[in-house]
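Under my numbering, the final residue of the sequence shown carries the number 475; numbering is consecutive throughout.
One structure below.
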Amino acid sequence: MHFQNKVVYQIYTKSFMDSNGDGIGDIPGVTQRLDYLQELGVDYLWMTPFFKSPLKDNGYDVADYTAIDPVFGTMEDVDELIAQAGKRGMGLMFDMVFNHTSTEHRWFQRALAGEREYQDYYIFRDGAPDAPPTNWESKFGGSAWEYVPHLKKWYLHLFDVSQADLNWDNSKVREELKNVLRFWKRKGVKGFRFDVVNLISKPAVLEDDHEGDGRRFYTDGPHVHEYLHELVMDAGIDNYITVGEMSSTSLDNCVRYTNPEEKELSMVFNFHHLKVDYKDGDKWAVMPPDFGVLKELFCTWQEGMQAHQGWNAVFWCNHDQPRAVSRFGDDERYRLESAKMLATCIHLMRGTPYIFQGEELGMTNAHYTAISQYRDVESLNYYKILLERGKTKQEALDILAQRSRDNGRTPMQWTGEANAGFSTAVPWLAPPENYKAINAQSAVADGQSVFHFYQKLIRLRSVTAALR
């Protein structure tokens, strides 16, 4: 298998490197730092979305799949990045958000204008203003349905109200999405990550969920395997590196998504191991990680996938998670040891390791002390909710300090200079105060650093089949 000895590096574009001094990371900024990534030794660069977007959900609300949002640069910048990465032996992996589009996408705008053809691109249902089609809940809170008065119809949004779910049962929609993949293939993109892709197939008849929030009806839904197979084969990406983000999925489905004979995906992300410090399954109820449960989950997934020719993407961190060294280790007294231990754990497992930017430096949580320092919409919402539930301000801030997605989104720490060398301007999100000690410049210069440990692991894995 062509991807089994590879390592993927995730770039959260907004926080990686700012090239034009506006405080926001951009595509030319990534190009500027390719030599660093080549030195680390990674094979693929997964970029979080930078497509045209109102940015209500940090780019996971796409208004045009084949245009670049000016905040991040131009199409010429993307072409240059693909070419320069290729010269250094690295492939680009783009993030495809195919479960939903932004409500600003022209398809949805044409649906709102009354065009029946485009209403069938989405999941619209007739109904009265006070009677949503089902009792399903959005993953961001509230109803999963939004009423459009002038159409007298509701549309489904499993995520934000500005993210309308696509109707994958419509073959025209599937063809449009294949064309997006063909477009980026022609540009030289070498891999694709599919956002919440196991939610794309909804049942033909939508009904109330009297046991939960509706997810049991659409998670790993009725046609998900055939639609994924069709997408991959028709777009001609069956030999590309592909990864599916799987929400609330099962081992059996993940085996099927990744078994080579099924010709669906190279590998999958699942998140069960990142809930071992959720008290009673609640992200905002903090408890110490249960390492016994963590070990059991890793064993179950490692052995279960191996027994049936499935393949895992293995990881600790991403743009939606706190920093692993703060979460599962000791980020003060034993930061170096913790970071190296966590790296060893992931890189010596069966699967394809993912490194999230800064993980190779042992970057820590932000340790913010005031609500004014946070930017993440989820964190700001939950701060209010926690206060409403009777927490004191300090208790709520202590929970956010451990749980906020902003922990993974702080600017990449390049140097000990102002703004961590990320930008000449004030960054959109403040770096942790420890950037003067923890940064790429000092890590590359120190042979005992976390960076050099990752470098050794990557090298070792690429030549030693037994390790992977």
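Built from N, CA and C at the ideal position, the CB exists for glycine as well.
Once the 5 residues before and after residue i are set aside, which same chain residues still bring their CB inside 7 Å of it?
i: S109; result: S60, P61, D68, V69, A70, S169, Q170
i: Q91; result: T38, L41
i: W291; result: Y389, L393, I406, R410
i: I89; result: L99, K194, G195, V196
i: A320; result: V250, M274, V275, F276, G358, T359, Y361
i: V231; result: N205, I207, S208
For residue i, name the three-state secondary structure that DSSP assigns.
i: I89; result: helix
i: N441; result: helix
i: I31; result: coil
i: Y390; result: helix
i: T265; result: helix
i: M103; result: strand
i: D289; result: strand
i: F10; result: coil
i: F224; result: helix
i: R95; result: coil
i: E144; result: strand
i: I244; result: coil
i: R200; result: strand
i: V433; result: coil
i: A314; result: helix
i: A373; result: coil
i: N186; result: helix
i: T20; result: helix
i: I378; result: helix
Starting from the C-beta of residue i, find all residues in its chain whose C-beta is less than 6 Å away, skip the five residues before and the five after it, and write them out in chain order.
i: G311; result: L258
i: Q409; result: V293
i: S430; result: D25, G30
What does a CB cutoff of less than 8 Å around residue i pick up in its chain, not counting 5 residues either side in sequence?
i: S345; result: V332, F335, G336, D337, D338, G369
i: F147; result: F166, D167, E385
i: P156; result: P136
i: G415; result: Y19, C324, N325, H326, D327, Q328, P329, R330, F363
i: H107; result: D68, H164, L165, F166, Q170, A171, D172, L173
i: Y234; result: W175, R181, I207, S208
Straight-line CA distance for residue i to residue j?
i: E440; j: K347; result: 22 Å
i: L158; j: W152; result: 14 Å
i: V196; j: S26; result: 22 Å
i: D268; j: R382; result: The displayed chain sequence assigns Glu, not Asp, to residue 268. Each residue's alpha carbon lies about 44 Å from the other.
i: G134; j: P140; result: 7 Å
i: G397; j: A403; result: 9 Å
i: A74; j: F224; result: 33 Å
i: H459; j: A452; result: 9 Å
i: K63; j: V15; result: 27 Å
Return the bridge partner residues of residue i from the DSSP annotation.
i: T108; result: A171
i: W152; result: L163
i: V15; result: Y51, Y361
i: E252; result: F276
i: D71; result: K59
i: F131; result: Y162
i: V321; result: P360
Tell whether a beta-carbon distance below 8 Å holds between residue i and residue j.
i: G243; j: L272; result: no
i: G221; j: W143; result: yes
i: R357; j: Q316; result: no
i: F278; j: F201; result: no
i: G365; j: Q420; result: yes
i: N177; j: Y125; result: no
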